[in-house]
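Numbering (the numbering used here), first residue to last: 46 to 272.
Printed below as a string of C-alpha cells:
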C-alpha cells in the first residue's frame with residue numbers, strides 16, 4: 046500500500062504483469078502495518094478494476110488497524126483473507142482471525158464457515174494460546190473471558206431484562222458466555238443475580254443485598270478482588 050501511494054501507475058503495472066503471467070490471486074500486503082482503511086479501499090478498488098484478478102489481503106497490526114483494514118479490503122472486493130488466531134505475529138501481530146471471522150459471518154453475512162465451526166472459535170483461541178505458550182488476552186473481542194462480562198450495576202440490571210442491551214451478538218455463537226462480576230461497581234441487582242447464578246438457596250434481597258455490596262466494597266478497598 047505504501048508502494049501504491051508512492052507511485053500508483055507503477056504499482057498497477059507491476060500487478061498487471063503478474064496477472065498476465067498467470068497469477069491466480071493478487072495478495073495485497075500492508076507489511077509495515079501503517080495503512081489506513083481509506084488507503085486500503087482505494088488501492089483494492091483500483092487493482093481490482095485494473096486487473097480483474099481475485100484479490101487477497103494480508104495486514105499487520107502496527108497501527109491497531111489490521112482487522113479494520115482486512116474487513117475494508119473484503120468490502121472492496123478481496124476474497125482471500127490472511128490472518129492468525131489471536132492475532133499472533135511479528136511485532137504488533139497480524140489480523141486476528143478470531144475477530145475477522147465472526148465479523149464476516151455475523152456482521153457482513155459472508156458464509157465463510159459453518160455455524161458449528163463458529164461455535165468452536167473460543168475453544169480454538171484458547172487451544173492456540175496453549176500451544177503457543179502465550180496467555181490469552183482476556184479482553185480480546187468475541188473470545189476473551191471479558192468480552193461478555195459485566196460488573197456495572199446499571200449494566201447488569203439492563204442485561205437481566207434484555208441481553209441485547211450490552212451484547213452485540215449472542216456469546217454462544219462464538220462459544221463464549223456472558224458473566225456477571227461482583228465488584229465495587231456492582232449494584233444490588235448484581236449481587237442477587239450472582240447468588241442465583243451460583244445456585245445458592247439463600248437469595249439476598251433489599252437491605253441484605255446492600256449490606257453484602259458494602260462488604261464487597263470494603264474488602265476491595267483493602268486489596269481483595271472478586272472478579
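Ideal Cβ placement from N, Cα and C applies to all residues, glycine included.
When the distance is taken between beta carbons, is residue j closer than 8 angstroms to residue i?
| i | j | result |
| --- | --- | --- |
| residue 140 | residue 112 | yes |
| residue 62 | residue 71 | no |
| residue 86 | residue 121 | yes |
| residue 185 | residue 143 | yes |
| residue 177 | residue 133 | yes |
| residue 105 | residue 76 | yes |
| residue 84 | residue 50 | yes |
| residue 181 | residue 145 | no |
| residue 53 | residue 78 | no |
| residue 221 | residue 167 | yes |
So residue i packs on residue j, CB below 8 angstroms; how close in whole Å?
| i | j | result |
| --- | --- | --- |
| residue 187 | residue 219 | 5 angstroms |
| residue 224 | residue 194 | 4 angstroms |
| residue 110 | residue 82 | 7 angstroms |
| residue 131 | residue 190 | Wrong, their Cβ atoms sit about 13 angstroms apart, outside the cutoff. |
| residue 80 | residue 114 | 6 angstroms |
| residue 157 | residue 149 | 5 angstroms |
Measuring alpha carbon to alpha carbon, tell me which of the options ends up nearest residue i.
| i | options | result |
| --- | --- | --- |
| residue 215 | 92, 180, 79, 163 | 163 |
| residue 46 | 152, 266, 74, 59 | 74 |
| residue 96 | 68, 79, 256, 129 | 68 |
| residue 243 | 255, 258, 226 | 226 |
| residue 236 | 263, 78, 153, 258 | 258 |
| residue 253 | 265, 264, 240 | 240 |
| residue 261 | 211, 196, 213 | 196 |
| residue 217 | 161, 267, 58, 135 | 161 |
In chain order, which alpha helix (DSSP H) runs of at least 4 residues are fully inside the stretch 71 to 118?
Counting whole runs of 4 or more residues, the stretch 71 to 118 contains the alpha helix (DSSP H) stretches 82 to 96.
Contact the stretch 121 to 138 vs the stretch 93 to 113: 3+ CB pairs below 8 angstroms
The stretch 121 to 138, when compared against the stretch 93 to 113, does touch it at the 8 angstroms Cβ threshold.
Could I get the ranges of all uninterrupted alpha helix (DSSP H) runs contained in the stretch 168 to 222, with 4 residues as the minimum, in chain order?
Listed in chain order, the complete alpha helix (DSSP H) runs (minimum 4 residues) inside the stretch 168 to 222 are 198 to 206.
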